[in-house]
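Structure record follows, encoded as structure tokens.
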Amino acid sequence: MALSISAAALLGIIAVALVKGGYVRVGSALACTLFGFTLAATGLAPTINSGLASLAGLISSL
265 MALSISAAAL LGIIAVALVK GGYVRVGSAL ACTLFGFTLA ATGLAPTINS
315 GLASLAGLIS SL
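So the mapping is simple: the working numbering equals the position in the sequence shown, first residue as 1, plus 264.
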């Protein structure tokens, strides 16, 4: 749980920085966010969560 909250906070900070820097427009960032919420409601969500957990485990073992 703590990993997902910190990852979400980090990605949120990165998204705000990209929008403020002019690299990404607000509409594009909003579309990506809505796509993420839509994807999380599908049957693919457990596979994505498992993959992210494996990646986090791999990174922490380095």
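Cβ coordinates follow ideal geometry from the N, Cα and C atoms, glycine included.
Remember, it's a predicted structure, so these values are computed and weren't measured experimentally.
Note down, in chain order, each residue of its chain lying with its Cβ closer than 7 angstroms to the Cβ of valine 283, except the 5 sequence neighbours on either side.
Here residue 283 is taken as the residue at index 19 of the sequence shown, counted from 1. Excluding residues within five positions, the ones whose Cβ falls inside 7 angstroms are Val290 and Ala293.
Roughly how many whole angstroms lie between the Cα atoms of threonine 306 and cysteine 296?
As a working mapping, residue 306 is identified with position 42 in the sequence shown. As a working mapping, residue 296 is identified with position 32 in the sequence shown. Each residue's alpha carbon lies about 16 angstroms from the other.
Residues in the same chain with beta-carbon distance under 7 angstroms from alanine 279, minus the five sequence neighbours each way, listed in chain order, please.
By one-based count along the sequence shown, residue 279 stands at place 15. Result list for alanine 279: Ala293, in chain order.
Is leucine 316 closer than 8 angstroms to alanine 309 when the C-beta atoms are compared?
Counted from its first residue, the sequence shown places residue 309 at position 45. Counted from its first residue, the sequence shown places residue 316 at position 52. Against a cut-off of 8 angstroms, the Cβ pair of leucine 316 and alanine 309 comes out as no contact.
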